[in-house]
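One structure is given here, and the rest of the page talks about it.
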Amino acid sequence: MATETERLAAEIIRIYPEMFQGKNQDMVPWSKGMGVDLGWYPIIKRLVTTIKENDDLHNLEHNTRVVTKVADIKEKWGTLRFVPLGGTLDKNWDAIDQAEEESDNTCESCGATENVGKWTKGWMVTCCRPCAEQRLEFQSHKLSLDEVFKPNNP
Numbered sequence: 001m002a003t004e005t006e007r008l009a010a011e012i013i014r015i016y017p018e019m020f021q022g023k024n025q026d027m028v029p030w031s032k033g034m035g036v037d038l039g040w041y042p043i044i045k046r047l048v049t050t051i052k053e054n055d056d057l058h059n060l061e062h063n064t065r066v067v068t069k070v071a072d073i074k075e076k077w078g079t080l081r082f083v084p085l086g087g088t089l090d091k092n093w094d095a096i097d098q099a100e101e102e103s104d105n106t107c108e109s110c111g112a113t114e115n116v117g118k119w120t121k122g123w124m125v126t127c128c129r130p131c132a133e134q135r136l137e138f139q140s141h142k143l144s145l146d147e148v149f150k151p152n153n154p
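Just so you know, the working numbering puts 75 at position 75 of the sequence shown, and the rest follows in order with no gaps.
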């Protein structure tokens with residue numbers, strides 16, 4: 001039975017299968033996940049949908065066969081990184097910038113957009129205050145939440 005991560009990844013891949021072809025065989029296949037937690041999957045889904053629409057419109061208007069391929073999807077410095085393989089249309093770069101900016105204010109764990117900030121102890125993570133509290137409890141730090149969680153909009 002597929003995990004939630006695998007189910008959401010498959011749903012995204014079905015939107016624009018050509019985008020996800022050609023990944024280095026040494027890497028984990030896209031069907032196993034997108035390199036981020038579940039809270040950012042809706043952002044990725046909207047982004048992939050937008051890129052497909054932009055590519056399809058461009059191809060129709062210019063009688064071409066542009067296919068944006070993705071090299072990497074990951075978290076870096078607490079925000080989403082979506083890296084096209086070999087470039088993409090300018091409209092797609094704008095959409096990528098918007099998605100990455102949106103991720104900076106969206107909890108990577110649960111997708112919440114309220115009370116979001118950065119977990120700063122160790123690996124930087126964008127999360128909401130409740131997820132930060134769970135993280136603190138799980139890691140059993142003898143620190144206060146204020147020492148490890150910095151709200152984006154205090």
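Using N, Cα and C, we set each Cβ at its ideal position, and we do this for glycine too. No experiment lies behind these values; they were computed from the predicted model shown.
Going by C-alpha distance, which of the options is nearest residue i?
{"i": "W123", "options": "K76, Y16 and L57", "result": "K76"}
{"i": "E85", "options": "A99, V67, D97 and E100", "result": "Before going further, note that residue 85 is Leu rather than Glu in the sequence given. Minimum Cα distance to L85 is reached at V67."}
{"i": "V36", "options": "V116, Q98, D72 and D94", "result": "D72"}
{"i": "I43", "options": "T106, P17, Q21 and P151", "result": "T106"}
{"i": "R184", "options": "T120, P17 and V116", "result": "Outside the displayed span of the chain (1 to 154) sits residue 184, for which this structure offers no information."}
{"i": "V48", "options": "A10, K121 and V125", "result": "A10"}
{"i": "V70", "options": "M1, R14, C131 and Q21", "result": "Q21"}
{"i": "E6", "options": "F82, M34 and E18", "result": "M34"}
{"i": "N54", "options": "R81, L38 and M19", "result": "M19"}
{"i": "C131", "options": "W93, A2 and L38", "result": "L38"}
{"i": "N152", "options": "R135, K121 and D104", "result": "D104"}
Verify whether the separation of the beta carbon atoms of residue i and residue j is less than 7 Å.
{"i": "E133", "j": "W40", "result": "no"}
{"i": "N16", "j": "K52", "result": "Residue identity check: residue 16 is Tyr in the sequence provided, not Asn. Yes. Within cutoff."}
{"i": "E100", "j": "T79", "result": "yes"}
{"i": "T50", "j": "A95", "result": "yes"}
{"i": "I13", "j": "K45", "result": "no"}
DSSP puts residue i in a beta bridge; with which residues?
{"i": "K76", "result": "T79"}
{"i": "C128", "result": "V116"}
{"i": "P17", "result": "The partner list for P17 (beta bridge, DSSP) is empty, contrary to what the question assumes."}
{"i": "P151", "result": "G117"}
{"i": "V67", "result": "Per DSSP, none; premise fails for V67."}
{"i": "P84", "result": "V70"}
Between residue i and residue j, how many whole angstroms is the CB-CB distance? I'm expecting something under 8 Å.
{"i": "C127", "j": "W119", "result": "5 Å"}
Check your understanding: How do the region 45-58 and the region 83-93 stand: do at least 3 beta-carbon pairs fall below 8 Å, yes or no?
Key -> In the pairwise beta carbon analysis, the region 45-58 is classified as touching the region 83-93: at least three pairs are separated by under 8 Å.
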